[in-house]
Every structure is written in structure tokens, then in C-alpha cells.
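Everything on this sheet refers to the single structure shown next.
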Amino acid sequence: MVGLPFVDEVDSEMDRRTVIGSIAAGILGMPLAVRAQQPAVPLIGFVRSYSLGDADKLVAAFREGLKETGFIEGQNVAIEFRSADDRYEKLPAILGDLLRRHVSVLVANAIAAQAAKAATSTVPIVFATGGDPVRDKLVTSFNRPGENITGVSFFTSTLGAKKLELLRELVPNATTVGVLENPTDRASQAESSDVVTAARAVGQRVMVLSAGNERELESAFASLVRDRAGALLVTGDALFYSWRDKLIALATRNSIPTIYSLRDFVADGGLASYGASITDAYRQVGIYTGRILKGEKPADLPVMQPTNFELVINVKTAKALGLTIPKSLLLRADEVIQ
Numbered sequence: 156m157v158g159l160p161f162v163d164e165v166d167s168e169m170d171r172r173t174v175i176g177s178i179a180a181g182i183l184g185m186p187l188a189v190r191a192q193q194p195a196v197p198l199i200g201f202v203r204s205y206s207l208g209d210a211d212k213l214v215a216a217f218r219e220g221l222k223e224t225g226f227i228e229g230q231n232v233a234i235e236f237r238s239a240d241d242r243y244e245k246l247p248a249i250l251g252d253l254l255r256r257h258v259s260v261l262v263a264n265a266i267a268a269q270a271a272k273a274a275t276s277t278v279p280i281v282f283a284t285g286g287d288p289v290r291d292k293l294v295t296s297f298n299r300p301g302e303n304i305t306g307v308s309f310f311t312s313t314l315g316a317k318k319l320e321l322l323r324e325l326v327p328n329a330t331t332v333g334v335l336e337n338p339t340d341r342a343s344q345a346e347s348s349d350v351v352t353a354a355r356a357v358g359q360r361v362m363v364l365s366a367g368n369e370r371e372l373e374s375a376f377a378s379l380v381r382d383r384a385g386a387l388l389v390t391g392d393a394l395f396y397s398w399r400d401k402l403i404a405l406a407t408r409n410s411i412p413t414i415y416s417l418r419d420f421v422a423d424g425g426l427a428s429y430g431a432s433i434t435d436a437y438r439q440v441g442i443y444t445g446r447i448l449k450g451e452k453p454a455d456l457p458v459m460q461p462t463n464f465e466l467v468i469n470v471k472t473a474k475a476l477g478l479t480i481p482k483s484l485l486l487r488a489d490e491v492i493q
């Protein structure tokens with residue numbers, strides 16, 4: 156503590172002013188090195204391998220989770236938002252810069268989390284993934300993630316067979332169903348493989364289409380139209396989430412009934428979705444980040460998993476496509492968007 160005189164009692168207004176002035180002068184007279192030791196606001200690095208332009212809902216949910224643990228951006232925590240904009244080779248440089256800035260926690264989607272894990276074994280990492288983090292070698296196990304990393308999985312990549320079942324109910328006359336995968340994402344490919352296996356078991360013809368960039372996305376829809384596919388299943392993937400406006404527009408323009416993994420697609424005009432809430436996942440990521448900032452260790456925080464999955468149907472989109480949704484399916488839906 157700086158050597159300021161102890162004051163037992165102040166007998167007059169003049170004395171009070173004198174003491175206050177002495178304290179202020181003492182603080183201002185501290186060496187810069189001493190003043191620099193005051194606690195700094197913790198810095199969070201929020202990194203995505205894909206664009207941040209379509210991630211407003213995810214960022215808002217993350218901030219809400221932080222707030223629930225007592226951290227508010229601009230008050231007692233700072234956040235640096237970085238994106239590789241679909242160019243994964245940029246991630247090491249982005250992460251290197253954040254590490255040089257001494258971030259307290261790194262928050263990342265699955266692909267960015269892989270790069271973060273390779274970049275540091277000490278700075279805490281909190282991820283959000285639609286895949287299996289054990290299979291993808293992000294963590295050792297769900298209960299004991301180990302080392303400096305933990306997070307939330309909303310498991311979109313495990314729901315391919317169920318989504319195919321629902322799509323066949325929505326479009327029973329579809330002789331061919333397209334499956335859209337991201338060729339650079341293991342979780343997307345795993346879901347695609349599950350769909351193919353499930354389709355083979357029920358005699359459903361499927362065609363697998365890959366899209367890792369927008370040109371390939373346009374080409375995939377051209378193939379669907381050329382081969383007269385009656386419906387499309389979009390695998391859960393962060394890239395497709397960032398493209399959701401384009402995907403919905405292409406499905407609408409080509410009159411292709413499509414099922415997605417996340418409610419946001421249906422709220423924005425898609426036909427149907429089945430999966431957990433990605434916004435709730437990012438809220439949980441915010442909560443975990445706040446708990447780590449308060450001193451908890453990632454290794455002690457089990458990877459969180461969803462407890463329920465929701466079927467969402469957009470009736471307006473169904474009517475535009477000329478589809479009649481079976482009453483039994485509407486009754487089973489968790490949400491029907493008119």
C-alpha cells in the first residue's frame with residue numbers, strides 16, 4: 156500500500172479538504188509502474204472460421220450468457236471479434252495476434268477451436284459445435300474434457316436419420332432426396348453418411364452434394380433441378396448457417412422442400428428444421444466463459460449437451476411449395492410458424 160497517513164478524526168472542513176487533497180496528490184504521484192498494477196479488464200477473443208456477418212443472434216446469445224454471470228461488455232469485460240471468412244488458413248495468424256494480446260479466454264466454433272487448441276495449451280478455450288467433440292478430438296471425454304478446453308455441443312451431426320424420416324413425411328412422393336454436405340467439415344460429412352445409411356435401409360434414393368463455396372452451392376442446386384430431386388436435407392454446419400439466406404432463397408427459387416438443423420432457417424423462411432437451439436448453445440458458451448473468468452478451470456467443466464430437440468415447421472412456406480403438411484406431423488411439431 157502507498158504510504159498515506161492514517162487519519163483518526165477530522166475536526167474541521169479545512170482539515171477534511173487537506174486530507175482529501177493529500178490522498179489525491181499521493182495517488183497521482185505514484186510511479187507509473189505502480190499504477191499499471193491495477194486490475195485490467197479481461198479480454199475475450201471470439202473467433203469464427205466463417206463470417207460474423209450472419210452471426211448476430213449467436214453473438215447476442217453469447218453476451219446474454221456472459222451477463223448472467225455478471226460480465227457486461229464495455230463495463231467489466233472486453234471482446235475482440237475475429238473471423239477467417241471461410242479461409243481457414245487465416246486462423247493461426249488471427250489466434251497468434253489474440254494470444255499476443257493476452258486474451259483471458261478464447262471462444263470459437265468447431266473449426267476455429269481446432270486451430271485454437273493447436274495454438275495454445277494454457278489459455279482457456281470454450282467451443283460451440285454441432286459435431287461430436289470427442290470424435291473430433293477436441294476433448295478427451297464429455298465429463299472430463301481435460302487440459303484447457305471445454306464447451307457446448309448441440310449435436311446437429313447426429314440427427315441425419317431423424318431428419319430424413321421427417322422429410323419423407325413432409326414430402327412422401329419424393330423419389331430422390333438431395334443431401335447437402337460441407338466437404339471440409341467432418342461433422343457435416345458424418346451426418347451425410349448417416350443419412351445415406353438410413354436411406355439405404357428404407358429404399359430411399361439419395362444424392363449427396365458438396366458445397367464448400369458459393370459457386371459450388373449454386374452448382375449443387377443446379378444438379379438437384381437437373382436430376383429432379385423432390386426434396387433436400389441440409390446437414391448441420393456453421394458454413395451453411397452463415398449462408399442461410401442464400402440457401403433459403405435457392406430452395407424457394409427452385410421450389411425444393413428443404414429440412415435444416417436449426418430453427419433460425421425456418422424463422423427466416425425455410426420449410427422445416429429438427430435440432431437443438433444454437434442460440435441457447437451460445438448462451439451456455441457465454442455462461443461457461445463467465446465462470447472461467449471467475450476462476451473455474453475448463454477441465455472441471457463438463458461439455459454441455461442438449462436435453463431436447465425441436466421440430467419446427469413453416470406453414471406459409473409449405474403452402475407456397477404446394478405441400479399439405481400431415482395433421483399428425485403438425486401435432487408433433489414443437490413450433491408451427493404461420
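Numbering follows this note's numbering, in which position 261 of the sequence shown is assigned residue number 416; successive positions increment by one, without gaps.
Every residue gets a Cβ at the ideal spot worked out from N, C-alpha and C, and that includes glycine.
Since the structure is predicted, the reported quantities are computational estimates derived from the model, not experimental observations.
Count the other CB atoms within 10 Å of the CB of residue i; is the residue buried (16 or more) or exposed (fewer)?
i    : result
L187 : With a pLDDT of only 43 at L187, under the threshold of 50, the placement of this residue in the model should not be trusted, and no figure is reported.
V350 : buried
F236 : exposed
E164 : Confidence is the limiting factor: at E164 the pLDDT is only 34, short of 50, which leaves the residue's position unreliable and the question unanswerable from this model.
T284 : buried
S397 : buried
G301 : exposed
R190 : Bear in mind that the predicted position of R190 carries a pLDDT of just 37, short of 50, making it too unreliable to give a figure here.
D400 : exposed
D340 : buried
A342 : buried
E346 : buried
T472 : buried
V232 : buried
S410 : exposed
V357 : exposed
G495 : With the chain running from 156 to 493 in the structure shown, residue 495 is simply not present.
L485 : exposed
R355 : exposed
I175 : Because the pLDDT at I175 is just 35, under 50, the model does not fix this residue reliably, and the point stays unresolved.
Q230 : exposed
Please return the same chain residues whose Cβ sits closer than 6 Å to the Cβ of residue i, not counting the five positions on each side in sequence.
i    : result
A353 : A316 and L319
S365 : E336 and P338
V326 : G385, A386 and P412
A436 : A283, V307 and F309
A210 : none
Going by DSSP in three states, residue i sits in which element: helix, strand or coil?
i    : result
Y243 : helix
A195 : coil
G229 : coil
F330 : Note that residue 330 corresponds to Thr in the displayed sequence, not to Phe. Three-state result, T330: coil.
A216 : helix
V289 : coil
T444 : helix
V278 : coil
G306 : strand
T390 : coil
A488 : coil
P186 : Per-residue confidence for P186 stands at a pLDDT of 46, beneath the threshold of 50, marking its modelled position as unreliable; no derived number is given.
Q269 : helix
L405 : helix
T472 : helix
F420 : helix
E324 : helix
E451 : coil
Q344 : helix
Taking 8 Å as the limit between beta carbons, can you name the residues of its chain near residue i, skipping five residues before and five after?
i    : result
R299 : A454 and P457
M362 : T331, V332, G333, V334, S378, L379, D382 and A384
L314 : E346, G391, S416, Y429, G430 and F464
D287 : S308, F310, S312, T313, A342 and A345
Excluding the 5 residues flanking residue i on each side, which residues of the same chain have their C-beta closer than 7 Å to its C-beta?
i    : result
K474 : none
N328 : G385
R487 : L466
P505 : Outside the shown range of the chain, which is 156 to 493, sits residue 505, and nothing can be said about it.
S276 : E302 and N303
I403 : F420, D423, G424 and G425
A272 : Ala is not the amino acid found at residue 272; the sequence shown has Lys there. The answer, listed in chain order, is I280, L293 and I304.
Going by the DSSP bridge assignment, what does residue i pair with across the sheet?
i    : result
V363 : V334
T462 : Answer is none; T462 lacks a bridge partner.
Y205 : According to DSSP, which records beta bridges pairwise, Y205 is partnered with nothing at all.
G430 : E465
R237 : V202
I414 : L388 and A427
T479 : According to DSSP, which records beta bridges pairwise, T479 is partnered with nothing at all.
A504 : There is simply no residue 504 to check, as the chain begins at 156 and stops at 493 in what is shown.
Should residue i be listed as close to the ligand COA, given that the test is whether its C-beta is under 7 Å from any heavy atom?
i    : result
E451 : Questions concerning the ligand COA fall outside what the structure shown contains, since it holds no ligand whatsoever.
Kindly say whether residue i, judged by its beta-carbon, lies nearer than 8 Å to any beta-carbon of chain E.
i    : result
K401 : Reference to chain E is not applicable here, since this structure consists of a single protein chain.
Segment contact, 8 Å Cβ cut-off, at least three pairs: the region 457 to 470 with the region 292 to 309 = yes
Report yes or no: do three or more beta-carbon pairs, one from the region 383 to 394 and one from the region 409 to 420, lie closer than 8 Å?
-> yes
Given 8 Å as the limit, is there contact between the region 253 to 260 and the region 471 to 486, that is, 3 or more CB pairs closer than that?
-> no
Counting pairs of Cβ atoms below 8 Å between the region 213 to 224 and the region 435 to 449, do you hit three or more?
-> yes
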